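Numbering (full-length UniProt numbering), first residue to last: 1 to 153. Structure, as structure tokens:
Below, the structure is given as structure tokens:
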């Protein structure tokens, strides 16, 4: 009976992030694309500013990388979120499964692992598809900062 209960419990509820397989780890990503929006750093304060400018490899409609397996060949600065460096990414969105599970919180009800698709996530406007712009269309990056400091308003 206990074995049946364990197998019915989703992996993210019975395993720690460190115990997950690589496939399980990857499946936690909801595909929102927020990691794929460019960030700017203030050289004086190291403060991170979020933009709505998408990486060249991001398909804005699907919020998927065009070359995910080979992304570092195309974008050497692309981030690679790992179990080891997760604590370094304090800027991850509050809805990020990696962040939530690390904090002992449940997945949101719209998460693709719970719903079986990204439709609910897009419907909740969690993904960047409704705000992202192509890098090639940007003239002044300052105009695309989402969390401008009060002095820049």
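All C-beta atoms, glycine included, are put in the ideal place defined by N, C-alpha and C. Being a predicted model, the structure only gives us computed values, none of them experimental.
Option nearest residue i by Cα separation, candidates the options
{"i": "residue 134", "options": "37, 20, 8", "result": "37"}
{"i": "residue 58", "options": "140, 129, 28, 12", "result": "129"}
{"i": "residue 62", "options": "9, 113, 121, 15", "result": "121"}
{"i": "residue 83", "options": "72, 28, 49", "result": "28"}
{"i": "residue 10", "options": "107, 73, 60", "result": "107"}
{"i": "residue 34", "options": "100, 47, 131, 46", "result": "131"}
Between the CA atoms of residue j and residue i - distance to the nearest angstrom
{"i": "residue 125", "j": "residue 53", "result": "16 Å"}
{"i": "residue 56", "j": "residue 39", "result": "14 Å"}
{"i": "residue 127", "j": "residue 44", "result": "31 Å"}
{"i": "residue 64", "j": "residue 31", "result": "7 Å"}
{"i": "residue 105", "j": "residue 85", "result": "19 Å"}
{"i": "residue 17", "j": "residue 98", "result": "8 Å"}
{"i": "residue 152", "j": "residue 137", "result": "With a pLDDT of 49 at residue 152, under the threshold of 50, the modelled position of this residue cannot be trusted; read the value that follows with caution. Cα to Cα, residue 152 sits roughly 22 Å from residue 137."}
{"i": "residue 144", "j": "residue 8", "result": "45 Å"}
{"i": "residue 123", "j": "residue 60", "result": "15 Å"}
{"i": "residue 15", "j": "residue 147", "result": "35 Å"}
{"i": "residue 139", "j": "residue 20", "result": "42 Å"}
{"i": "residue 74", "j": "residue 114", "result": "32 Å"}
Per DSSP, cross-strand counterpart(s) of residue i
{"i": "residue 50", "result": "39"}
{"i": "residue 59", "result": "64"}
Next item on the list: Mind the definition here: the stretch 14 to 27 touches the stretch 87 to 94 only if three or more C-beta pairs lie below 8 Å; say whether that holds.
Entry: A contact is defined here as three or more CB-CB pairs under 8 Å, and the stretch 14 to 27 fails this definition with respect to the stretch 87 to 94.
Item checked: 4-residue-minimum alpha helix (DSSP H) runs that sit fully inside the stretch 69 to 143, ordered along the chain -> The stretch 69 to 143 contains these whole alpha helix (DSSP H) runs: 71 to 74, 97 to 102, 112 to 115, 119 to 123.
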